[in-house]
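Counting in my numbering, the sequence shown runs without a single skipped number right up to 707 at its last residue. Ideal Cβ positions, reconstructed from N, Cα and C, are used throughout, including at glycine. Encoded as structure tokens, the structure appears first; notes follow it.
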Amino acid sequence: MATTKQKLIIVESPAKAKTIGKYLGKGYKVEASQGHVCDLPKSQLGVDIDHDFDLKYITIRGRGDILSRIRKEARNASQVYFATDPDREGEAISWHLFHVLGVDESAPCRIEFNEVTKKAVQAAIKKPRKLDMGRIDAQQARRALDRLVGYKISPLLWVKVKKGLSAGRVQSVATRMVVEREREIDNFIPEEYWDISAECAAGGEKKPIAFTAKFVSLDGKKCPVSSREEAEKIKALIESGSFSVTDIRRKDKKRQPAPPFTTSSLQQEAGRKLSFTTAKTMQVVQQLYEGVDLQGEGAQGLVTYIRTDSVRISDEAMTALRAFIPEKYGKEFLPKVKNEFKGRKNAQDAHEAIRPTDVTRTPESIKASLTREQFMLYRLIYNRYVASQMSPAVYETLSAEITDKRIGLRFYGEHKTFAGFTALYEEGTDEATDNVEMTLPALKEGQKITVSKVSTDQHFTQPPSRFTEASLVRTLEENGIGRPSTYAPTITTIISRGYVSREKKRLFPTELGIMVTEMMEKYFSRIVDTEFTAIMEEKLDEVEEGKTDWKQILREFYPDFVSTLSVAEKEIEKVEVKDDVSDVRCDKCGSMMVYKMGKYGRFLACPNFPECRNTMPILNYIDASCPLCGKRLLEKTSRKNRKFYGCEGYPECDFVSWDKPANEKCPKCGQYMIEKRNNKGETLHLCTNENCRFKKTVAGAEEEENE
């Protein structure tokens, strides 16, 4: 009896293959290519300038065994389907596999799905299509542009500055943004200003109504106060004034929920609320997308496709969500009409927003099957998604003008009367309003007001904040630079190359980053120009849409670029970049160690190389002592790249903690405390004693996280 041939489905990752394999059963074989199988050669440019920018593809080293296995399975298969990710890179991977396996070009062999669920995968297999050459050509154009810029400018930097440097079409713009922000901070001149507030009470009542009003005007005109002398004069006028309420405005204000996540907004919010880097966010959300083994269910894709700039939700998902909200939270939490959100102007809108694949699969219901990081990120995605279709929060607001002959004071307050979506989720970007939860005073027009105390507070205008990874991603997106798949690798690259350093979540340009940026601005101004880079992204979109020939972009770009390169090679003088000297002495030859940048980040090396080849890791101490022996604690990284904290006295002292120990002991029981973050993004100190569990909010912690 002849054996029935299986159908072969090829995906990128083994995790995705495992999940899909469980959905489809015995009639199918699922193999993983483990990403790209073909690429431009590392040792050559790979772009044939003399033959109209033809690209030279080779099999990536180490992929031979994978390709042999896939070829064998393809020969024995009745049908081959390519189910790589539904984007340009995924289409290109399928295209390369298509040619490697010699699949019939007329055969519809490409399937795609927005979520790794049984229903979505089975539906996709019923609707195979031909390869999308628009996507493929857009990916080829991006790859060729990035190769030309990188392989032409980087060697110049090696010769003129130092080995190991690189330039890139997007990374150089991102570095420039960080450098320009530092210039703004350096050039910022603070200006003095004063806030004046009055503690007031409404008279004529048995129990006076107390509230605080702010100074807004003098003689009927707005009056900014810029000196102590002015502040004292106004303070005296307020103290001697006779005030009454001259205008009252009451109304209800509605606050609408935020849309579900795009790649960019997820990276930003995970940075604010969970302290995840962009790379960490994408690593964890990829796991949620490809599938996680759930108790009693097996492998399940938990979220939809994760590289998207759309805030759109499918009709089917919307119907399920609107049925779920009143059942879970009550009818009043569901708006009569679904909430609509506008996407960004330059959004491709090729995929849905990032959302849970099943709204009934709550975070708590699957917590036992998830790692801590997976649970935190899934909960963030889930809550944002559900909240996006809930009713608005409602606030009662009161604005009162309180005046005498010369001085104008104003009271404004708001009180939440209906939680709406905020019962589930509040954005980390929202700044807390001091008066939100206050009880509004029952003021009336004509009511006499007495002032008991006047306060004057000096302030100075602040320079713009340094970028965090979150705010840099937002700025890149706002300027149309890069696409959802490029934000995380771009930031990882500029940090690993030593152009930018990350300290307490803020991004600082290094001396090397400033030097290279200045060189790029002088000789390659187009490459680091934000408008030019954004226009190039738009042209790549036109290629995908079939409106532009991908090679035409290269034909227009290259002549000016190679001319600029020739000038730079002649005019740029050799620059000596000295390594930063540390305060650590080499324990072999006695010299002071210097900082170097390697494949895995910065490390210490002896400056007498090659005579002395001594190297050391950089020790990152935290501001806390070991609770067992009192020595200093180190921040370390596990083999699985997870951060933990250990005593510098190891192995004599074996104290370790996955949570960061705080620099204080519990005031109730004396046990050591750890740092935690709540859903509002606030930092807490929590006692580790299970019988105590004392906790407190750390003053000033949130200010550090705000942008």
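- Message: Comparing C-alpha positions only, which one of His36, Ile527, Ala423 and Phe603 sits nearest to Ser496?
- Response: Phe603
- Query: I think Asn479 touches Leu424, with their Cβ atoms under 8 Å apart; what is that distance to the nearest whole Å?
  - Reply: About 32 Å; that fails the 8 Å criterion.
- By a C-beta neighbour count over all protein chains shown, 10 Å radius and 16 as the cutoff for buried, is Gly271 buried or exposed? buried
- Three-way DSSP call (helix, strand, coil) for Ile491 in this model: helix
- Item | Candidates Arg142, Phe411 and Arg143, of which the one nearest Thr246 by Cα | Phe411
- Cα-Cα separation, Tyr23 to Leu321: 24 Å
- Once you ignore the five residues that flank Asp87 on each side, which residues in its own chain have a CB closer than 6 Å to its CB? Arg307
- Message: I'd like to confirm the pairing. Which residues does DSSP put opposite Leu274 in its beta bridges?
- Response: Answer by DSSP bridge pairing: none, since Leu274 is not bridged.
- Item | Minimum length 4: unbroken alpha helix (DSSP H) runs contained in the segment 202-290 | 228-239, 263-274 and 278-290
- Exposed or buried, Gln374, counting other C-beta atoms within 10 Å across all chains shown (16 or more means buried)? buried
- 7 Å Cβ cutoff met for Lys631 and Phe644: no
- Task: Please check if any C-beta of chain C sits within less than 7 Å of the C-beta of Pro651.
- Result: Protein chain content of the structure displayed is limited to a single chain, and chain C is not contained in it.
- Query: For Pro356 versus Val303, is the C-beta distance shorter than 7 Å?
  - Reply: yes
- Task: Please confirm whether Ser264 and Ile449 have their CB atoms less than 7 Å apart.
- Result: no
- Excluding the five sequence neighbours on either side, which residues of its own chain have a C-beta within less than 7 Å of the C-beta of Leu131, listed in chain order? Glu91, Ser94, Trp95, Phe98 and Arg110
- Query: Lys444 to Ile238, Cα distance in whole Å?
  - Reply: 20 Å
- Message: Please tell me whether Leu789 and Leu157 are closer than 7 Å, where the distance is taken between their beta carbons.
- Response: In the structure displayed, the chain extends from 1 to 707; residue 789 sits before or after that span and is not available.
- Query: How many angstroms separate the CA atom of Ser738 from the CA atom of Met673?
  - Reply: Since the first residue shown for the chain is 1 and the last is 707, residue 738 is missing from the structure and cannot be characterised.
- Query: Enumerated in chain order, which unbroken segments of the alpha helix (DSSP H) with a length of 4 residues or greater are wholly contained in the segment 328-396?
  - Reply: 372-388
- Message: Taking the alpha-carbon of Asp587 as reference, which of Asp579, Ala605, Glu571 and Lys253 has the nearest alpha-carbon?
- Response: Ala605
- Query: So Thr19 and Val116 are in contact, right, with Cβ under 8 Å, and what is the actual spacing, rounded?
  - Reply: 5 Å
- Item | Cα-Cα separation between Lys453 and Ile248, rounded to whole angstroms | 23 Å
- Item | Buried versus exposed call for Asp430 [16 or more other C-beta atoms within 10 Å across all chains shown] | Legend: pLDDT at Asp430 = 35, less than 50; position of this residue unreliable, no value from coordinates given.
- Where does Phe113 sit, in a helix, a strand or coil, going by DSSP? coil
- Ser68 - DSSP class collapsed to helix/strand/coil: helix
- Item | Per DSSP, cross-strand counterpart(s) of Ile402 | Val245 and Leu409
- Query: Would DSSP call Val500 helix, strand or coil?
  - Reply: strand
- Query: Per DSSP, Arg61 forms a beta bridge with which residues?
  - Reply: Its beta-bridge partners do not exist; DSSP assigns none.
- Measure from the alpha carbon of Lys152 to the alpha carbon of each residue in Leu634, Ile366 and Met520, then state which is nearest. Met520
- Message: Quick check: Lys668 and Leu684, are their CB atoms within less than 7 Å of each other?
- Response: no
- Task: With Lys448 as the anchor, note down where its beta strand (DSSP E) starts and where it stops.
- Result: Lys448 to Phe460
- Task: Compute the Euclidean distance between the alpha carbons of Ser501 and Arg466, then round it to the nearest angstrom.
- Result: 12 Å
- Task: Mind the definition here: the segment 357-376 touches the segment 509-518 only if three or more C-beta pairs lie below 8 Å; say whether that holds.
- Result: no
- Query: Any idea what DSSP makes of Gln79, helix, strand or coil?
  - Reply: strand
- In this structure, does DSSP put Pro617 in helix, strand or coil? coil
- For Trp194, three-class secondary structure by DSSP: strand
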